Amino acid sequence: MAARKESALEQRQRRQREDMEEKDKQLAAQCEDIEGRFPPRKSIPKPSWANLSPGELFMHNYKIHAKPAADSSQTSEEKTVEKKQAAADASTQAAEQVEQAEEKERKRRTAQYIARKN
């Protein structure tokens, strides 16, 4: 009886191993099929700054991101006047847009009233 249990256990383990091997073969075939569909990856070229030393890299970034010198010919008073003028222009434009929207709404309501009256 003990021999039968052991042989049954061994048979079960052997079947499981065979099933796993079969699954592995199927997965390997699927992987090969998938790999065959796509072209091989190309190597990505390194950027020009990849081999620079830290100091050279700093100078490279400094040259790229350096802000142009501020135009000192304008005084702070002129700058504030320009800012105020820009704000006034923006508020004027917003007021005009509101007026246009109100005019559109008035025309729409008038058209609705006339349509209902007829």
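So the sequence shown is residues 2 to 119, counted in our numbering.
Just so it is clear, CB atoms sit at the ideal spot from N, CA and C, and this is done for glycine as well.
Bear in mind that the values here come from a model prediction, so they are computed numbers and not experimental data.
When the options are compared against residue i, the one with the closest alpha-carbon
{"i": "P48", "options": "H61, V99 and F39", "result": "H61"}
{"i": "W50", "options": "S44, I65 and R38", "result": "I65"}
Ignoring anything shorter than 3 residues, give me the beta strand (DSSP E) runs that lie fully in the segment 52-92, in order along the chain. Taking only runs of at least 3 residues, no beta strand (DSSP E) segment lies wholly in the segment 52-92.
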